[in-house]
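Residue numbers (the numbering used here): 205 to 693. We put the CB at the ideal spot given by N, CA and C, even for glycine.
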Ligand code: NDP
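This is the structure we're talking about:
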């Protein structure tokens, strides 16, 4: 096992300098695998937000950033991608110790993907362009695309570095300055992103990092008149608060929120592939995935077989320290999250669902230390049960049988959420029909939980609005200015 330690402390990055919080306060961040403190981090508050906003505005108004040719901006982003790859071993260890995700997931999947995202948006910086409508002979009309301004990027703890890259990279490509507020459970890799930005050549004030409480520094940024846009990923509850508070200054807001995503398996699917996809669709990153396929709809004729095979796989999962190569699933992120997940498991049992696998805290792991929950499969789930309706955000799968396409489409859509969905079938027409009928921002067919920098991601309904990734994300960090030049008569 690689036991390289994570860094012991972190400071705020404001105006190109590493500084302590003005209050002098710090907070501890804990390794969820063994409950030890792995770092003490400066805790930003309202006055730090004020200082960061002043620096961000200065960077936009008079620093080198707005004067830099777009292609040069792109080069800085490209370099950030390179530095992520160069620092992969250290970064993945930090991310793994802070979140409980396996080293394979952080080092082989998520951090390389973050590098890809910086390099994708590096290429877009020089392609931002306006239009020249040929509508009038007495005027020359054109539009320009300008950076929206100062962006507050507020991100959660499930993919701390990756989800930050979804916001920071397009915002920088657009020419914005960014204040990054990581989740309190997982502040360490955001600090590393700040370091990478400085080392890649970002001028002071263009990327600043403010770890601290959502209700303190987070809310201060949301309310701040000097912030032009809030880009948020997190819970639907906090997303609604942010939308309400940001409306006082009519900030631009994008909110990528929770989900209760349906994953639909038809009897004509490649069942081996569907089982693998259903399994990783819920259990990747311990189920701490906004798009997790947490409602698995299975056609009645294959229901028992699928439940049996999923349960067998779940029972075989090796839980343990996520730094250990043999570990397939680490702990959930925090004691609070573990309690919430165990509460849902208890409610599933009380409401009459059948535990096909798991259904308990794994106290046998790591001598009882750490927040380990056995991957849990519930069968006999009905749509009214809490475990079928609410986002659990942990390793808990609800399996529901269905009759036919119409039945499953209407039940898949019976949710306040609309983030993602999956369909497994060999029938192409059926796949298209279901993909069209499900109200969700992403539909995967014969696969699940895959992302590409070019493909937008975001929600319908209470899963939020606005898009991360793709050209659409870049659009979200740009304003359009129309210019009318009178040509005389
Ligand atoms: P939150 O939505 O509370 O947190 C997400 C981010 O928002 C964090 O950086 C948090 O800071 C910040 N924040 C919290 N309150 C405010 C506020 N009033 N103003 C500004 N920023 C704020 O998610 P939790 O971590 O509490 O998780 C709760 C549930 O949310 C999960 O169980 C899951 O259901 C869902 N969730 C969904 C995610 C998704 O990807 N869609 C991601 C994470 C969670 P701080 O950490 O300091 O509170």
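Exercise. Please name the residue in 251, 578, 380 and 244 whose C-alpha comes closest to that of residue 218.
Key: Working through the chain shown from its first residue, we reach residue 218 at position 14. When each option's Cα is compared against that of residue 218, the closest is 251.
Quiz item: Is the CB-CB distance between residue 514 and residue 454 below 8 Å?
Solution: By one-based count along the chain shown, residue 514 stands at place 310. By one-based count along the chain shown, residue 454 stands at place 250. Contact: no.
Self-check item: Cβ-heavy atom distance, residue 597 to the ligand NDP, below 7 Å
Solution: As a first step, residue 597 must be located in the chain shown, where it is residue number 393. Checking every heavy atom of the ligand NDP against the Cβ of residue 597, one is found closer than 7 Å.
Practice problem: State yes or no: is the C-beta of residue 734 nearer than 7 Å to some heavy atom of the ligand NDP? | Solution: Since the displayed the chain opens at 205 and closes at 693, residue 734 lies outside it and no answer follows.
Practice problem: Check whether the Cβ atoms of residue 404 and residue 315 sit closer than 8 Å, and answer yes or no. | Solution: Residue mapping note: residue 404 aligns to position 200 of the chain shown, counting from 1. Residue mapping note: residue 315 aligns to position 111 of the chain shown, counting from 1. Their beta carbons are not under 8 Å apart, which means residue 404 does not touch residue 315 by this criterion.
Quiz prompt | Neighbourhood of residue 526 by C-beta distance below 7 Å, restricted to the same chain and skipping five residues each side | solution = Within the chain shown, residue 526 is the residue found at index 322, counting from 1. The answer, listed in chain order, is 237, 300, 304, 305, 306, 307 and 534.
Quiz item: Taking all protein chains shown into account, do 16 or more other C-beta atoms lie within 10 angstroms of the C-beta of residue 691, making it buried, or fewer, making it exposed?
Solution: Here the question's residue 691 lines up with position 487 in the chain shown. Under this definition residue 691 is an exposed residue.
Quiz item: Do residue 674 and residue 654 have their C-beta atoms closer together than 8 Å?
Solution: Along the chain shown, read from residue 1 onward, the residue named residue 674 stands at position 470. Along the chain shown, read from residue 1 onward, the residue named residue 654 stands at position 450. Result no, Cβ atoms of residue 674 and residue 654 do not sit closer than 8 Å.
Quiz item: Per DSSP, residue 384 is paired with what?
Solution: Counting from one through the chain shown, the residue named residue 384 turns up at place 180. 357 and 413, per the DSSP bridge assignment.
Quiz prompt | Among 376, 415, 679 and 215, the one whose alpha carbon lies nearest that of residue 458 | solution = Counting from one through the chain shown, the residue named residue 458 turns up at place 254. Residue 458 has its Cα closest to that of 679, out of 376, 415, 679 and 215.
Exercise. Kindly confirm or deny that the stretch 341–356 and the stretch 311–331 touch, where touching means at least three C-beta pairs closer than 8 Å.
Key: no
Quiz item: Would residue 467 be called buried (16 or more neighbouring beta carbons within 10 Å of its own) or exposed?
Solution: Against the chain shown, residue 467 aligns to sequence position 263. Residue 467 is buried by the Cβ-count criterion.
Quiz prompt | Reference residue 589; option with closest CA among 227, 499 and 228 | solution = One-based indexing of the chain shown puts residue 589 at position 385. Here the closest residue by C-alpha is 499.
Practice problem: Take residue 255 and list the residues in its own chain whose beta-carbon comes closer than 6 Å to its own, dropping the five residues that flank it on each side. | Solution: Taking the chain shown and counting its residues from 1, one reaches residue 255 at position 51. Excluding sequence neighbours, residue 255 sits near 218.
Quiz item: Which residues in the same chain have their Cβ closer than 6 Å to the Cβ of residue 687, if we skip the five residues on either side of it in sequence?
Solution: Counted from its first residue, the chain shown places residue 687 at position 483. Same-chain partners within the cutoff: 346.
Quiz item: Under 7 Å from any heavy atom of the ligand NDP, does the C-beta of residue 423 make it?
Solution: To locate residue 423, count along the chain shown from 1; it is residue 219. Because some heavy atom of the ligand NDP lies under 7 Å away, the Cβ of residue 423 counts as near it: yes.
Exercise. Give the DSSP bridge partners of residue 599, in chain order.
Key: Here residue 599 refers to the residue found at position 395 when the chain shown is read from its first residue. Answer by DSSP bridge pairing: none, since residue 599 is not bridged.
Self-check item: Coil, strand or helix - residue 670 by DSSP
Solution: Reading the chain shown from its first residue, position 466 is the one you call residue 670. Residue 670: coil per DSSP, three-state reduction.
Exercise. Could you tell me if the beta carbon of residue 418 falls within a distance shorter than 7 Å of some heavy atom in the ligand NDP?
Key: If you number the chain shown from 1, residue 418 lands on position 214. It does: the Cβ of residue 418 is within 7 Å (strictly closer) of some heavy atom of the ligand NDP.
Quiz prompt | Residues of its chain near residue 587, where Cβ-Cβ distance is below 8 Å and the 5 sequence neighbours each way are ignored | solution = As a first step, residue 587 is located in the chain shown; it is residue number 383 there, counting from the start. Counting only Cβ-Cβ distances below 8 Å, and skipping sequence neighbours, we find 593, 604, 615 and 618.
Quiz item: Would you call residue 541 buried or exposed, if buried means 16 or more other Cβ atoms sit within 10 Å of its Cβ?
Solution: Translated into positions along the chain shown, residue 541 becomes position 337. Looking at its Cβ environment, which holds 16 or more other Cβ atoms inside 10 Å, residue 541 is buried.
Exercise. Verify the contact flag: residue 624, CB atom, against every heavy atom of the ligand NDP, threshold strictly below 7 Å.
Key: Counted from its first residue, the chain shown places residue 624 at position 420. The answer is no for residue 624.
Quiz prompt | Own chain, CB closer than 8 Å to residue 652, minus 5 neighbours either side, in chain order | solution = For the purposes of this step, residue 652 is identified with residue 448 of the chain shown, where counting begins at 1. So the list reads 467, 481, 482, 484, 485, 497 and 626, once near-sequence residues are dropped.
Quiz prompt | CB of residue 355 within 8 Å of CB of residue 474, strictly | solution = By one-based count along the chain shown, residue 355 stands at place 151. By one-based count along the chain shown, residue 474 stands at place 270. Cβ atoms of residue 355 and residue 474: not closer than 8 Å.
Exercise. Can you check DSSP and say which residues form a bridge with residue 243?
Key: Walking along the chain shown from the start, residue 243 turns up at place 39. Answer is 233.
Quiz prompt | Contacting residues, own chain, Cβ-Cβ under 6 Å from residue 677 (five flanking each side not counted) | solution = By 1-based counting over the chain shown, the position of residue 677 is 473. Around residue 677, the same chain offers 374 and 671 as residues with beta carbons nearer than 6 Å, after the five sequence neighbours per side are excluded.
Quiz item: Rounded C-beta distance between residue 409 and residue 220? I'm assuming under 8 Å.
Solution: In the chain shown, the residue the question calls residue 409 occupies position 205. In the chain shown, the residue the question calls residue 220 occupies position 16. Sure, about 6 Å apart at Cβ, within 8 Å.
Self-check item: Simplified DSSP assignment, three categories, for residue 690
Solution: Taking the first residue of the chain shown as 1, we reach residue 690 at position 486. Strand, per DSSP.
Self-check item: Presumed contact (8 Å Cβ cut-off) between residue 437 and residue 360, rounded CB distance
Solution: Locating residue 437 in the chain shown gives position 233, where the first residue counts as 1. Locating residue 360 in the chain shown gives position 156, where the first residue counts as 1. Yes, they are in contact, since the Cβ atoms of residue 437 and residue 360 sit about 5 Å apart, within 8 Å.
Exercise. Throw me the rounded Cβ distance for the residue 667 and residue 414 pair, which I believe falls under 8 Å.
Key: The sequence position of residue 667 within the chain shown is 463, counting from 1. The sequence position of residue 414 within the chain shown is 210, counting from 1. With a Cβ gap of about 26 Å, residue 667 and residue 414 do not count as contacting.
Quiz item: So, is residue 336 buried or exposed, given that buried needs 16 or more other C-beta atoms within 10 angstroms?
Solution: Position 132 of the chain shown, counted from the first residue, corresponds to residue 336. With fewer than 16 Cβ atoms within 10 Å of its Cβ, residue 336 is classed as exposed.
Quiz item: Can you name, in chain order, every residue of its own chain whose Cβ lies under 7 Å from the Cβ of residue 239, other than the five neighbours on each side?
Solution: Counting from 1 along the chain shown, the entry for residue 239 is found at position 35. Counting only Cβ-Cβ distances below 7 Å, and skipping sequence neighbours, we find 573 and 574.
Quiz item: Just checking, does the stretch 549–558 make contact with the stretch 625–645 on the three C-beta pairs under 8 Å criterion?
Solution: no
Self-check item: Under 8 Å between C-beta atoms of residue 298 and residue 396
Solution: Translated into the one-based positions of the chain shown, residue 298 becomes position 94. Translated into the one-based positions of the chain shown, residue 396 becomes position 192. Yes. Within cutoff.
Exercise. Give the straight-line distance between the Cα atoms of residue 430 and residue 450, rounded to the nearest whole angstrom.
Key: Taking the first residue of the chain shown as position 1, residue 430 is located at position 226. Taking the first residue of the chain shown as position 1, residue 450 is located at position 246. Rounded to the nearest angstrom, the two C-alpha atoms are 12 Å apart.
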